[in-house]
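When we follow our numbering, the leftmost residue of the sequence shown carries the number 619, and every step to the right adds one.
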Amino acid sequence: MDDRLSRVFSALADPIRRDMVARLASGDATVNELAEPYSVTVQAVSKHLKVLEEAGLVTRGREAQRRPVHLEAEVFDLMTKWIERYRREAEQRYRRLDAVLAEMAESGVERGRTDIEGEAS
């Protein structure tokens, strides 16, 4: 799983590939359609797609003369599970920190009262 996850995150490290994934989220597209907004060759786009394909993010189909590229949603489940695990761990650490800070604030208020009362005596 870690190797696959590494390939996915590595594939998404490139802004063009991230943009392609975002565009494919709204529907399948051909290589030429994906290449349109970029100032790179169709061959360069094909290389980007190969990286996405090797990571399992996209597949290429065949519909008569058309070869649409399809986004594979289950890969996002893999990423989400990994991210969610660490998000929960971080959230638990923050909750513990909040509790410690609240405890410190309460004991500081009590000490402050004692110091003030001590000065008044």
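We treat Cβ as the ideally placed atom computed from N, Cα and C, and that holds for glycine.
- The segment 650-733 is shown to contain whole alpha helix (DSSP H) runs of 4 or more residues at 660-672, in chain order.
- Straight-line spacing of the CA atoms in A708 and T698 works out to 15 Å.
- In the DSSP secondary-structure assignment, A647 is bridged to V687.
- Three or more beta-carbon pairs separated by less than 8 Å link the segment 650-669 to the segment 627-637, which places the two stretches in contact.
- Going by beta carbons, V649 and G674 fall outside the 7 Å limit.
- Cβ-Cβ distances below 8 Å link A643 to L689 in the same chain, with the five nearest sequence neighbours on each side left out; the list follows chain order.
- Around the C-beta of R635, 16 or more other C-beta atoms lie within 10 Å, and the residue is accordingly described as buried.
- DSSP, read as helix, strand or coil, puts A631 in coil.
- Taking every protein chain shown into account, the CB of V663 has 16 or more other CB atoms within 10 angstroms, so this residue is buried.
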